[in-house]
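Each remark here refers to the structure printed beneath this line.
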Amino acid sequence: MIPDNIDIDALARDLEDDAVAMGAEMREQHPAMEEELSRIAEEAADGEFGTLGYVVLDSTPPVTADLRDIAQELVNTTSFDTVAVRSPGSGAVVSDIHARASLEAAQHEMLGTPDYVEGASLLVRDVTGSPLADIDWAQMALLGGVVLAVVLVLALLFTRRRPLETQNL
(Lines of atoms letter the chains of each structure in order from A and count residues from 1; the text may use other names and numbers.)
(Lines give C-alpha, C1' and ligand atoms only; values in the text may rest on other atoms or scores of the structure.)
Protein backbone atom coordinates (compact mmCIF):
# COMPACT_ATOMS: atom_id res chain seq x y z
CA MET A 1 0.00 0.00 0.00
CA ILE A 2 1.24 3.48 -0.78
CA PRO A 3 1.51 5.57 2.42
CA ASP A 4 -0.59 8.74 2.54
CA ASN A 5 2.48 10.97 2.79
CA ILE A 6 3.95 9.66 -0.48
CA ASP A 7 3.00 11.58 -3.63
CA ILE A 8 3.58 9.07 -6.43
CA ASP A 9 2.83 11.64 -9.15
CA ALA A 10 5.45 14.05 -7.77
CA LEU A 11 8.02 11.24 -7.45
CA ALA A 12 7.31 10.13 -11.03
CA ARG A 13 7.75 13.68 -12.38
CA ASP A 14 10.97 14.07 -10.42
CA LEU A 15 12.28 10.72 -11.70
CA GLU A 16 11.52 11.62 -15.31
CA ASP A 17 13.66 14.77 -14.96
CA ASP A 18 16.99 13.17 -14.04
CA ALA A 19 16.25 9.57 -12.95
CA VAL A 20 16.46 10.58 -9.27
CA ALA A 21 13.80 11.68 -6.79
CA MET A 22 14.90 12.84 -3.35
CA GLY A 23 13.12 14.00 -0.25
CA ALA A 24 13.75 17.61 0.80
CA GLU A 25 15.64 16.67 3.97
CA MET A 26 17.95 14.23 2.16
CA ARG A 27 18.57 16.77 -0.62
CA GLU A 28 19.49 19.38 2.00
CA GLN A 29 21.76 17.04 3.99
CA HIS A 30 23.47 15.57 0.91
CA PRO A 31 23.44 18.19 -1.86
CA ALA A 32 25.77 16.25 -4.20
CA MET A 33 23.91 12.93 -3.90
CA GLU A 34 21.30 13.62 -6.57
CA GLU A 35 23.92 14.40 -9.20
CA GLU A 36 25.96 11.31 -8.26
CA LEU A 37 22.92 9.03 -8.37
CA SER A 38 21.89 10.54 -11.70
CA ARG A 39 25.34 9.74 -13.09
CA ILE A 40 25.00 6.10 -11.96
CA ALA A 41 21.57 5.92 -13.63
CA GLU A 42 23.08 7.25 -16.88
CA GLU A 43 25.89 4.70 -16.72
CA ALA A 44 23.34 1.93 -16.09
CA ALA A 45 21.31 2.99 -19.14
CA ASP A 46 24.47 3.16 -21.27
CA GLY A 47 25.48 -0.34 -20.15
CA GLU A 48 23.59 -3.62 -19.95
CA PHE A 49 21.41 -2.72 -16.95
CA GLY A 50 18.62 -0.76 -18.64
CA THR A 51 16.96 2.36 -17.28
CA LEU A 52 17.19 2.91 -13.53
CA GLY A 53 15.12 5.30 -11.46
CA TYR A 54 16.38 5.91 -7.91
CA VAL A 55 14.19 7.30 -5.13
CA VAL A 56 15.60 8.48 -1.80
CA LEU A 57 12.96 9.02 0.89
CA ASP A 58 13.47 11.13 4.00
CA SER A 59 11.96 8.49 6.28
CA THR A 60 11.03 4.82 6.30
CA PRO A 61 7.30 4.06 6.21
CA PRO A 62 5.91 2.25 9.27
CA VAL A 63 5.39 -0.82 7.06
CA THR A 64 8.63 -1.38 5.14
CA ALA A 65 6.84 -3.55 2.56
CA ASP A 66 5.29 -0.29 1.34
CA LEU A 67 8.67 0.56 -0.19
CA ARG A 68 8.20 -2.27 -2.67
CA ASP A 69 4.69 -0.99 -3.48
CA ILE A 70 6.12 2.48 -4.12
CA ALA A 71 8.79 1.03 -6.42
CA GLN A 72 6.22 -1.09 -8.27
CA GLU A 73 3.90 1.85 -8.79
CA LEU A 74 6.78 3.94 -10.15
CA VAL A 75 7.80 1.16 -12.57
CA ASN A 76 4.17 1.09 -13.72
CA THR A 77 3.84 4.86 -14.17
CA THR A 78 7.26 5.92 -15.48
CA SER A 79 9.52 5.01 -18.37
CA PHE A 80 12.03 3.19 -16.15
CA ASP A 81 12.72 -0.54 -16.43
CA THR A 82 13.88 -0.69 -12.81
CA VAL A 83 13.13 1.49 -9.79
CA ALA A 84 15.02 1.38 -6.49
CA VAL A 85 13.54 3.05 -3.42
CA ARG A 86 15.87 3.74 -0.52
CA SER A 87 14.98 5.02 2.94
CA PRO A 88 17.02 5.35 6.14
CA GLY A 89 15.79 1.98 7.43
CA SER A 90 15.30 -0.14 4.33
CA GLY A 91 14.75 -0.22 0.59
CA ALA A 92 13.23 -2.12 -2.32
CA VAL A 93 13.91 -2.74 -5.98
CA VAL A 94 11.36 -3.63 -8.66
CA SER A 95 12.07 -4.31 -12.32
CA ASP A 96 10.25 -5.25 -15.49
CA ILE A 97 13.38 -6.70 -17.11
CA HIS A 98 15.56 -8.27 -14.40
CA ALA A 99 14.94 -11.59 -12.68
CA ARG A 100 13.60 -11.30 -9.14
CA ALA A 101 16.38 -13.62 -7.93
CA SER A 102 19.15 -11.37 -9.25
CA LEU A 103 17.39 -8.30 -7.81
CA GLU A 104 17.08 -9.92 -4.38
CA ALA A 105 20.77 -10.85 -4.33
CA ALA A 106 21.82 -7.38 -5.46
CA GLN A 107 19.39 -5.63 -3.13
CA HIS A 108 21.00 -7.35 -0.14
CA GLU A 109 24.35 -5.75 -0.90
CA MET A 110 22.77 -2.40 -1.80
CA LEU A 111 21.04 -2.23 1.57
CA GLY A 112 24.18 -3.39 3.34
CA THR A 113 25.89 -0.05 2.76
CA PRO A 114 24.75 3.19 4.37
CA ASP A 115 26.24 5.12 1.41
CA TYR A 116 23.33 5.42 -1.02
CA VAL A 117 25.57 6.25 -3.98
CA GLU A 118 27.78 3.23 -3.37
CA GLY A 119 24.64 1.13 -2.87
CA ALA A 120 23.26 2.23 -6.24
CA SER A 121 26.54 1.39 -7.90
CA LEU A 122 26.59 -2.04 -6.24
CA LEU A 123 23.02 -2.68 -7.39
CA VAL A 124 23.88 -2.03 -11.03
CA ARG A 125 27.11 -4.04 -10.83
CA ASP A 126 25.54 -7.01 -9.07
CA VAL A 127 22.48 -7.25 -11.31
CA THR A 128 24.45 -7.03 -14.55
CA GLY A 129 27.10 -9.42 -13.27
CA SER A 130 24.69 -11.93 -11.72
CA PRO A 131 24.65 -15.41 -13.22
CA LEU A 132 20.99 -15.55 -12.17
CA ALA A 133 20.21 -12.87 -14.74
CA ASP A 134 21.16 -15.26 -17.56
CA ILE A 135 18.79 -18.02 -16.49
CA ASP A 136 15.60 -18.38 -18.52
CA TRP A 137 13.24 -19.11 -15.63
CA ALA A 138 10.29 -19.98 -17.89
CA GLN A 139 12.40 -22.58 -19.66
CA MET A 140 13.61 -23.94 -16.31
CA ALA A 141 10.00 -24.25 -15.08
CA LEU A 142 9.02 -26.08 -18.28
CA LEU A 143 11.97 -28.45 -17.94
CA GLY A 144 11.08 -29.08 -14.29
CA GLY A 145 7.49 -29.87 -15.29
CA VAL A 146 8.65 -32.36 -17.95
CA VAL A 147 10.97 -34.10 -15.47
CA LEU A 148 8.18 -34.27 -12.89
CA ALA A 149 5.79 -35.76 -15.48
CA VAL A 150 8.35 -38.43 -16.45
CA VAL A 151 8.91 -39.34 -12.80
CA LEU A 152 5.16 -39.62 -12.21
CA VAL A 153 4.64 -41.83 -15.29
CA LEU A 154 7.51 -44.11 -14.25
CA ALA A 155 6.18 -44.34 -10.71
CA LEU A 156 2.72 -45.20 -12.04
CA LEU A 157 4.15 -47.91 -14.31
CA PHE A 158 6.17 -49.49 -11.50
CA THR A 159 3.24 -49.51 -9.08
CA ARG A 160 0.96 -51.18 -11.67
CA ARG A 161 3.56 -53.85 -12.59
CA ARG A 162 4.24 -54.89 -9.01
CA PRO A 163 0.83 -56.40 -8.23
CA LEU A 164 0.88 -58.36 -11.55
CA GLU A 165 4.28 -59.87 -10.78
CA THR A 166 3.17 -61.01 -7.32
CA GLN A 167 -0.03 -62.66 -8.71
CA ASN A 168 1.94 -64.88 -11.10
CA LEU A 169 3.95 -66.46 -8.29
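Counting in the numbering used here, the sequence shown runs from 1201 upward without gaps.
Here a beta-carbon is modelled for each residue, glycine too, at the ideal position from N, C-alpha and C.
(request) Determine, using beta-carbon pairs with one atom in the segment 1244-1252 and one in the segment 1265-1284, whether at least three such pairs fall under 8 Å. (result) Touching, yes.
(request) Can you give me the Cβ contacts of A1219 inside the same chain, cut-off strictly under 6 Å, excluding the 5 residues immediately before and after it? (result) For this step, residue 1219 is matched to residue 19 along the sequence shown. For A1219, where only same-chain residues beyond five positions count, the Cβ hits under 6 Å are S1238, A1241, G1253.
(message) If contacts are defined as beta-carbon pairs under 8 Å, then E1225 and T1278 qualify, I think. What distance do you get, rounded to the angstrom?
(response) Taking the sequence shown and counting its residues from 1, one reaches residue 1225 at position 25. Taking the sequence shown and counting its residues from 1, one reaches residue 1278 at position 78. Contact doesn't hold; Cβ gap of about 23 Å is too wide.
(message) Do V1275 and S1295 have their beta-carbon atoms positioned less than 8 Å apart in this structure?
(response) As a working note, residue 1295 is residue 95 in the sequence shown. As a working note, residue 1275 is residue 75 in the sequence shown. The answer is yes: Cβ separation under 8 Å.
(request) Reducing DSSP to helix, strand and coil, say where T1313 ends up. (result) On the sequence shown, residue 1313 is found 113 positions in, with the first residue counted as 1. Residue state for T1313 is assigned as coil, using DSSP reduced to three classes.
(request) Please go through the same chain and pick out, in chain order, the residues whose beta-carbon is closer than 6 Å to the beta-carbon of A1320, but skip the five residues on each side of it. (result) Looking up residue 1320 in the sequence shown gives position 120. Here the set comprises L1237, I1240, Y1254.
(request) Go ahead and pull the three-state DSSP assignment for S1287. (result) Position 87 of the sequence shown, counted from the start, is the residue given in the question as residue 1287. Three-state result, S1287: strand.
(request) Kindly list the residues whose CB is nearer than 7 Å to the CB of A1212, restricted to its own chain and excluding five residues on each side of it in sequence; keep chain order. (result) Within the sequence shown, numbered from 1, the residue matching residue 1212 stands at position 12. Cβ neighbours of A1212 within its own chain (closer than 7 Å, five residues either side excluded): L1274, T1277, T1278.
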